[in-house]
Amino acid sequence: MWSADDHRHMARALALGRLGLYTAHPNPRVGCVLVKDGAVVGEGWHRRAGEPHAEVVALRAAGRRARGASCYVTLEPCCHQGRTPPCTESLVGAGIARVILAMTDPNPAVQGRGCQALAEAGIAISMGLGEGEATRLNRGFVKRMRFGLPGVTAKTAMSLDGRVALCSGASRWITSQAARADVQRLRAQSSAILTGIGTVLEDDPLLSVRDPVLAGAGAAPLRVVLDTRLRMPPSARML
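Counting from 82, one number per residue, gives the positions in the sequence shown under my numbering.
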């Protein structure tokens, strides 16, 4: 069903989508590649909420070369007016001939309607290439749209024998520098970081993204503390 070129172009679209890993949320990470006569004529990815979607960025890069091109995109093009206009209208207006998408958009405002709008305009639709990877790229967005629940990553720092502290009670640091770098990347990919008041009272954490590259990219997750008895000290570092 899919050619080697189809796989190659969708792989590139997914790679572009991953560029928004630390900046696009709460929007999905989306990449787009436009191909005409076997050559890539435009590429784009969604950088952050409120900015142009991947399809629009790729169309602007392609210009007039977009007419008659195939569009490889990792998520169904939107068909509703949000912070930006519908991508379906942009694709139709540019004269795109074919759209190959990895997955439908689970957002109830779209969810198949984007494909329907494109098909009604005479654009050929193919779906499912790279669906698994596209879903993993946006697992939090997908779960929120389908179930109204967040995608959660549980992080625990512990020793090989399952302990979270030394016999003395000391717990900083029982993880390696490499593990702490992984935590920074996990934080930067998340919309929020959650902890309990016990951790705040014991460790006084910042719950921030301290990697300067990731912080410079705009990653600043919301910090959430579970504190049912209002014990949060005014002197806490995160404040």
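Idealized CB from N, CA, C, for every residue including glycine.
The segment 160–173 and the segment 136–145 touch, with no fewer than 3 CB-CB distances between them shorter than 8 Å. By the neighbour-count criterion, in which a residue is buried when 16 or more other Cβ atoms sit within 10 angstroms of its Cβ, Asp242 is exposed. The continuous beta strand (DSSP E) containing Met208 extends over residues 205–208. Taking Ala238 as reference, the option from Ala260, Ser289, Arg89, Gly163 with the minimal CA-CA separation is Ala260. Between Glu212 and Gln265, the alpha-carbon positions lie close to 27 Å from each other.
Contact annotation, Leu303 with Gly277: C-beta distance approximately 16 Å; criterion of less than 8 Å not satisfied.
Under the three-state reduction of DSSP, Thr276 is assigned to strand.
The three-state reading of DSSP puts Leu97 in helix, counting H, G and I together. In this structure His88 is exposed. Its beta-carbon is surrounded by fewer than 16 other beta-carbon atoms within 10 angstroms. Spanning the alpha carbons of Ala269 and Ala105 requires a straight line of approximately 11 Å. Residue environment: Trp254 is assigned as exposed (fewer than 16 neighbouring CB atoms within 10 Å of its CB, all protein chains considered).
Under the three-state reduction of DSSP, Arg89 is assigned to helix. Per DSSP, the continuous beta strand (DSSP E) segment holding Glu124 begins and ends at 120–126. In the three-state reduction of the DSSP assignment, Cys160 falls in the coil class, being assigned neither a helical nor a strand state.
One Cα belongs to Met82, the other to Leu230, and the distance between them is close to 35 Å. Around the beta carbon of Asp285, a 10 Å sphere encloses fewer than 16 other beta carbons of the protein chains shown; the residue is thus reported as exposed. For the pair Pro293 and Ala317, the Cα-to-Cα distance works out to about 22 Å.
Contact between Asp186 and Leu156 holds: their C-beta atoms lie close to 6 Å from each other, under 8 Å.
DSSP places Cys248 outside both helix and strand once states are collapsed to three, so it counts as coil.
With contacts defined by Cβ atoms closer than 7 Å, Lys117 and Ala92 do not form a contacting pair. Taking the Cβ atoms as the reference, Ala94 lies roughly 14 Å from Val122, outside the contact range of under 8 Å.
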